[in-house]
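Visitor:
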Amino acid sequence: MDNLVETLQTQREELLAAHAASSDRETARKLVQQLKSVSEELELVAATATSSPHSALSPDLYASYLLVVLLSKNLNDARFLWKRIPIEIKQMSEELRNVWEVSKALWQRNLAAAYAAMDYDWSPSLQELVEALKTELLSLAYSAVSVGDAALALGFVRHEDAVQYCSSLGWEVSTADQLILPKPLANVRRGPSTVVDLDQLDTLSKTVLHLEQNTVLKL
């Protein structure tokens, strides 16, 4: 059992590294699903391990697990995960609690608050997951967004860098209108859903992303 914990921890670290190195959104999506499965199994196995399960059930594990669940677009799963995290682990990690602030904002359909909560000095192990979440939220919530708002949300100081990044994702950019037209992944649709998930953020596409202008979102 303890050996299985170590194996799963290694798999998780390898998947996190692969996700950070991935430049293809579809590949990243598949890696997120693998990370979710490994994290689920690691949580279960570590809880029944004979020695030092809490060394595996760490704040870092739960913070990345919660972000992975958000990237999987199911807010119910994120809510249930938070409920079962031991209170002592929640208390020892500000970073973990901040991930939950992101989750709460999304549950309340408050996209601006979610981006504000992501304006945080994340550890390297979580930074890439947060950046991926910023991108996916933008693609789900908006059919069109101004270059300035997209740059602010994604953490770019220069609008030109935001345009270049969005173009690399295959998103349409209208330089004349200064608009970016985000494109969700092919298997993600905007429209009604039977569960509380991030696909329902299409209702926010009718609003403009207003973040505090003095907020600096970091890449």
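So that you can map any letter, position 68 of the sequence shown is 68 in the UniProt record's numbering, and since no number is skipped, the others follow by simple counting. Virtual Cβ for every residue (Gly too), placed ideally from N, Cα, C. Fair warning: this is a prediction, and the values are worked out from it, not measured in the lab.
#1: Cβ of residue 38 within 7 angstroms of Cβ of residue 11?
#2: Cα separation between residue 88 and residue 108?
#3: Quick test of your reading: residue 139 and residue 183, contact by CB under 8 angstroms. State the CB separation rounded to the nearest angstrom.
#4: With distances taken between CB atoms, is the gap from residue 46 to residue 99 smaller than 7 angstroms?
#5: With DSSP collapsed to three states, give me the class of residue 85.
#6: Quick one: give me the first and last residue of the alpha helix (DSSP H) that residue 174 is part of.
#7: Expressed to the nearest angstrom, what Euclidean distance is found between the alpha-carbon atoms of residue 32 and residue 93?
#8: Grab me the residues of residue 57's own chain with a C-beta within less than 6 angstroms of its C-beta, minus the 5 sequence neighbours each way, in chain order.
#9: Can you tell me which residues form a DSSP beta bridge with residue 179?
#10: Skipping 5 residues on each side, what residues in its chain have a beta carbon closer than 6 angstroms to that of residue 113?
#11: Report buried or exposed for residue 155, applying the criterion of at least 16 other Cβ atoms within 10 angstroms of its Cβ.
#12: Report back the beta-carbon spacing between residue 71 and residue 16 to the nearest angstrom; my notes put them in contact at under 8 angstroms.
#13: Could you tell me if residue 152 is buried or exposed, where buried requires 16 or more neighbouring beta carbons within 10 angstroms of its beta carbon?
#14: Which same chain residues, not among the five before or five after residue 67, have their C-beta less than 7 angstroms away from its C-beta?
#15: Taking DSSP as the reference, what is the three-state secondary structure of residue 118?
#16: Can you tell which of 22, 146 and 27 has its C-alpha closest to the C-alpha of residue 159?
#17: Considering only C-alpha positions, which residue in the set 2, 123, 73 and 7 is nearest to residue 48?
#18: Buried or exposed: residue 135, going by 16 or more other Cβ atoms within 10 Å of its Cβ?
#19: For residue 122 and residue 95, which I take to be in contact (beta-carbon distance under 8 angstroms), what is that distance rounded to the nearest angstrom?
#20: Are the CB atoms of residue 141 and residue 150 within a distance shorter than 7 angstroms?
#21: Output needed for residue 120: all residues of its chain with C-beta closer than 7 angstroms, excluding positions within five of it in sequence on either side, in chain order.
Guide: The structure says:
#1: Against a cut-off of 7 angstroms, the Cβ pair of residue 11 and residue 38 comes out as a contact.
#2: Rounded to whole angstroms, residue 88 to residue 108 spans 26 angstroms at the Cα level.
#3: The pair is a contact, with the Cβ atoms about 6 angstroms apart (cut-off 8 angstroms).
#4: Against a cut-off of 7 angstroms, the Cβ pair of residue 99 and residue 46 comes out as no contact.
#5: The answer is coil: DSSP assigns residue 85 none of H, G, I, E or B.
#6: DSSP places residue 174 outside any alpha helix (DSSP H); the residue lies instead in the beta strand (DSSP E), whose first and last residues are 172 to 174.
#7: Near 23 angstroms, if we compare the C-alpha coordinates of residue 93 and residue 32.
#8: Closer than 6 angstroms at Cβ, skipping near neighbours: 46.
#9: In DSSP, residue 179 forms a bridge with 146 and 174.
#10: The residues are 105.
#11: Burial call: buried.
#12: Contact between residue 71 and residue 16 fails: their C-beta atoms lie close to 12 angstroms from each other, not under 8 angstroms.
#13: Counting Cβ neighbours within 10 Å, residue 152 comes out buried, since at least 16 surround it.
#14: Only 99, 126, 129, 130 and 133 meet the Cβ criterion.
#15: Coil.
#16: Taking the Cα of residue 159 as reference, the smallest distance to any Cα among 22, 146 and 27 is reached at 146.
#17: The alpha carbon of residue 48 has as its nearest neighbour, out of 2, 123, 73 and 7, the alpha carbon of 2.
#18: Flag for residue 135 reads buried.
#19: Contact holds; Cβ gap of about 7 angstroms.
#20: 7 angstroms or more divides the Cβ of residue 150 from the Cβ of residue 141.
#21: Correct list, in chain order: 98.
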